[in-house]
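Notes to accompany the following structure.
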Amino acid sequence: MEAYPEAVDDLARLAVLLGGPVVPAARGLLGARLSAGGVTVRITEVEAYAGTAQDPASHAHRGRTPRNAAMFGPAGHAYVYFTYGMHWCLNVVTGPDGEASAVLVRAGEVVTGLAQARSRRRAARSDGDLARGPARLCATLGVDRSAYGRNLLGDGPVRLRPALEPVPDPAVAAGPRVGVTGAHDVPWRFWITGDPTVSAYRRHVPRRRAAEAARPVAET
3 MEAYPEAVDD LARLAVLLGG PVVPAARGLL GARLSAGGVT VRITEVEAYA GTAQDPASHA
63 HRGRTPRNAA MFGPAGHAYV YFTYGMHWCL NVVTGPDGEA SAVLVRAGEV VTGLAQARSR
123 RRAARSDGDL ARGPARLCAT LGVDRSAYGR NLLGDGPVRL RPALEPVPDP AVAAGPRVGV
183 TGAHDVPWRF WITGDPTVSA YRRHVPRRRA AEAARPVAET
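The opening residue of the sequence shown carries number 3 in this note's numbering; numbering runs sequentially from there.
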């Protein structure tokens, strides 16, 4: 198992960060390292989702269900969900137990295990594309349903560790979250400015509006 060079108190500070409000926790996860399946990525893009009634874009907005139960705590554990019938996405739970806030890990730079990452993502156009986007990141790490509810701060198969070097504020940008249907203008997406692994922003377009935009215009 990979040995991490940081001191125990660094991991303790990360645990404190994750136990607090979700927005500072999301910002603080930039530069942190996520390891699984022989690959480590440096996190370059995240999104914050607040709990229950606070955030209409959150999976916990309508309360606890079997699917989102892991969001309700403890902090530092994994909430993994399946989307579009084919992709896994990984979130880091934050806040006090019962709050149901979490940080979606959207993108990262592969820093170890590059050959393994390439073998999992043969369709990637470049190494920067390996973990660009939440589904690609999970595919690169080999993360799936088996990570659901696991403690990411422990020594399990999926491990979250502090950044080796903090990301300074001038290097961080914030903006709206990608493709959400509610609270789409809330600037809770954070990314490292200019990093080639950061995913492209796509604003949510309601189905009716998208259909109207695609409809041919009648000749006059």
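Don't be surprised by glycine CBs; every beta carbon is placed ideally from N, CA and C.
All of these numbers come straight from a predicted model, not from anything done at the bench.
When rounded, the separation of the alpha-carbon atoms in R64 and A55 is 7 Å.
Secondary structure of R163 (DSSP, three-state): strand. A direct Cα-Cα distance of roughly 10 Å separates A202 from R108. Proximity to R69 across V82, A59 and A77 peaks at V82, based on C-alpha coordinates. The count of Cβ pairs closer than 8 Å, one atom from the segment 127-146 and one from the segment 112-119, reaches three, so the stretches are in contact. In the three-state reduction of the DSSP assignment, R127 falls in the coil class. Here the segment 114-134 makes no contact with the segment 158-169; the two share fewer than three CB pairs at distances below 8 Å. By the criterion of a C-beta distance shorter than 6 Å, A50 is surrounded in its chain by V24, V25, A28, V105 and W190, once the five residues flanking it on both sides are discounted. Judged by their CB atoms, V169 and G33 are nearer to each other than the 8 Å cut-off. The C-alpha of T42 lies about 6 Å from the C-alpha of L36. R191 has E49 and G177 as its beta-bridge partners, per DSSP. Given a length threshold of 3 residues, each whole run of the beta strand (DSSP E) inside the segment 61-146 is given here in chain order: 80-85, 89-96 and 103-114.
The beta carbons of L154 and A80 sit closer together than 8 Å.
Here V94 is buried, its C-beta having at least 16 other C-beta atoms within 10 Å. Counting along the chain, R152 sits inside no beta strand (DSSP E), nor does DSSP assign it H or E at all. Note on geometry: alpha-carbon atoms of A72 and G151 lie some 5 Å from one another. Our two residues, V182 and C91, have alpha carbons roughly 15 Å apart in a direct line.
When the five nearest sequence neighbours on each side are left out, the beta carbons in the same chain lying within less than 7 Å of the beta carbon of T199 are those of T46, A109, G110, E111, G130, A133 and R134, in order along the chain. Closest in alpha carbon position to P172, among H61, V188, I194 and P76, is I194. The three-state reading of DSSP puts T42 in strand, counting E and B together.
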